[in-house]
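In the numbering used here, the protein residues as written are 189 to 551.
No residue lacks a Cβ here, since even glycine has one placed at the ideal position from N, Cα and C.
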C-alpha cells in the first residue's frame, strides 16, 4: 500500500530558497505575472502595462511637455489651414502665374549649375513640364469650343489681391461715397456688407455723408469691422436723416454703449422702420437690453428689430412696443378710408335733404 502524504502547509514552504534557485529570466517572468495578477491600485490605468521595449531611453520622459507640444502642433496646423483661402483664377491670371514660375525655375537652374545630378533632375523635370504644357495646349486648341475650367489654388490671406477678395461685394467705395455726397437720385440702396479692410475713417465719411442724403432708403454695414465710434456717428446721422428706412449693422464690434446711443436717437427719427444689430463681438449685457427696451417707448415708427434678447423681460417689452407701432401704422392707413366714408355720408345726407325740398315745393 502506498503511504498517504498530506499536502504541505503554506508555512512549510521556504520562499527564499525557491527564489534563490530561479534564474534571472524566470524572475522577470514571475515579476510580470505578479504585476498582471495584482497591479498597484495607485498607478493609473494607462501606465499599468510595463514597457517591453529593449531600446534604452534617449532622455527623461515628461508627459506635460508632450501634451503641450501636441496642442501647439494642432493649433499651428489649424492656423496654417486658415491662412489658405481657395480662390478660382481666370485663364489670363493662370498664364501670368505660369510665366512667373518659369522665371523662378530659370533663376534656380542658373544658380545651381555646380551639381550635375541636380542639373539632370531639373532638366528632366523641365522637359516633363514642357511636354505636359504642349499636350495641354494642343488639347486646348482642339477643343476650342469648350469652356476652360478654372483651377483652384491656395493664396495666403496676408497677400490676397483686391480683385480676389472672398467677400463677393464689388462695390466701388470711392465712387459710392461720391454718389452719396452728391445725393444721386438713382442710388436707393448703399450696400457695404462683407467688404474687408475698410478704414474706420471711410466708414465715418459714409455715415456723415448720409446725414443730408434724401434718396437712399437702405443702408447696410454688416461685417465691416464697425466699432463704437461708427455707432456714435450713426446715432448722429439718424437725428438728421429723414429718408432711410432700413439700417443693418449685424456682425460688427459695437458694444452696448454704441447700441444704446443709436436707440436714444430714434426718438428724433420718424422714418426708420427696420433696425438690425445682431451678432456683435461682445454681448450687449442685461443693463443695455433694459435700456434699449426703455428708449424704444419714445419711438412710434420702428416695426422690425433684428436682435435676440437674452432677458425675457426686455424681450416681451420690445415685442409689445413693436406690435403697438404696427397697430399705429395700420390705423394711419385706415384713417383716409374712414374720412372718405364720412364725407360720402355727409354728401348723401345733403343730397337727400335737397331732394326732399324740391319735392315739397313741387307739391
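Closest residue to residue i among the options (Cα-Cα distance)
| i | options | result |
| --- | --- | --- |
| residue 423 | 442, 469, 411 and 254 | 442 |
| residue 445 | 502, 237 and 477 | 477 |
| residue 474 | 484, 451, 494 and 502 | 502 |
| residue 492 | 517, 222 and 376 | 517 |
| residue 458 | 250, 430 and 212 | 430 |
| residue 504 | 456, 485 and 255 | 485 |
| residue 236 | 228, 242 and 243 | 228 |
| residue 438 | 470, 426 and 455 | 470 |
| residue 234 | 221, 251, 242 and 205 | 251 |
| residue 372 | 402, 205, 218 and 256 | 402 |
| residue 440 | 213, 263, 532 and 416 | 416 |
C-beta contact flag for residue i and residue j at 7 Å
| i | j | result |
| --- | --- | --- |
| residue 435 | residue 472 | no |
| residue 414 | residue 391 | yes |
| residue 357 | residue 386 | no |
| residue 506 | residue 488 | no |
| residue 433 | residue 405 | yes |
| residue 421 | residue 448 | no |
| residue 409 | residue 452 | no |
| residue 380 | residue 412 | yes |
| residue 400 | residue 425 | no |
| residue 490 | residue 508 | no |
Residue i classed as buried or exposed, judged by whether at least 16 other C-beta atoms fall within 10 angstroms
| i | result |
| --- | --- |
| residue 540 | exposed |
| residue 225 | exposed |
| residue 329 | Note on residue 329: pLDDT 49, under 50, position unreliable in the model; the coordinate value appears next. Answer is exposed; the Cβ neighbour count stays below 16. |
| residue 370 | exposed |
| residue 326 | With a pLDDT of only 48 at residue 326, under 50, the local geometry of the prediction cannot be trusted, and the value read off the model is given with reservation. Under this definition residue 326 is an exposed residue. |
| residue 208 | exposed |
| residue 267 | exposed |
| residue 397 | buried |
| residue 479 | buried |
| residue 468 | buried |
| residue 460 | buried |
| residue 201 | exposed |
| residue 159 | Residue 159 cannot be examined here, being either before or after the span of the chain that is shown, 189 to 551. |
| residue 522 | exposed |
| residue 454 | buried |
| residue 542 | exposed |
| residue 407 | buried |
| residue 350 | Only weak support exists for where residue 350 lies, its pLDDT of 49 falling under 50; the value from the coordinates is given anyway. Exposed, by the Cβ-count rule. |
Own chain, CB closer than 7 Å to residue i, minus 5 neighbours either side, in chain order
| i | result |
| --- | --- |
| residue 364 | 378 |
| residue 519 | none |
| residue 260 | none |
| residue 222 | none |
| residue 393 | 365 |
Contact with chain B by residue i, beta-carbon distance below 7 Å
| i | result |
| --- | --- |
| residue 365 | Among the chains in the structure shown there is no chain B, since it carries only a single protein chain. |
Close beta carbons around residue i, own chain, < 6 Å, minus the five adjacent residues each side
| i | result |
| --- | --- |
| residue 494 | 464 and 466 |
| residue 499 | 474 and 477 |
| residue 367 | 375 |
| residue 361 | none |
| residue 497 | 477 and 503 |
Going residue by residue through the stretch 405-438, where are the continuous alpha helix (DSSP H) segments of at least 4 residues, counting only ones entirely within it? 416-428
Which ranges would you report for the alpha helix (DSSP H) in the stretch 445-519 if only whole runs of at least 4 residues count? 474-483
Can you check the stretch 200-235 for any alpha helix (DSSP H) of at least 4 residues that lies completely inside it and give the ranges in chain order? 203-209 and 212-225
Pick out the complete beta strand (DSSP E) segments inside the stretch 358-391, 3 residues or longer, and give them in chain order. 377-379
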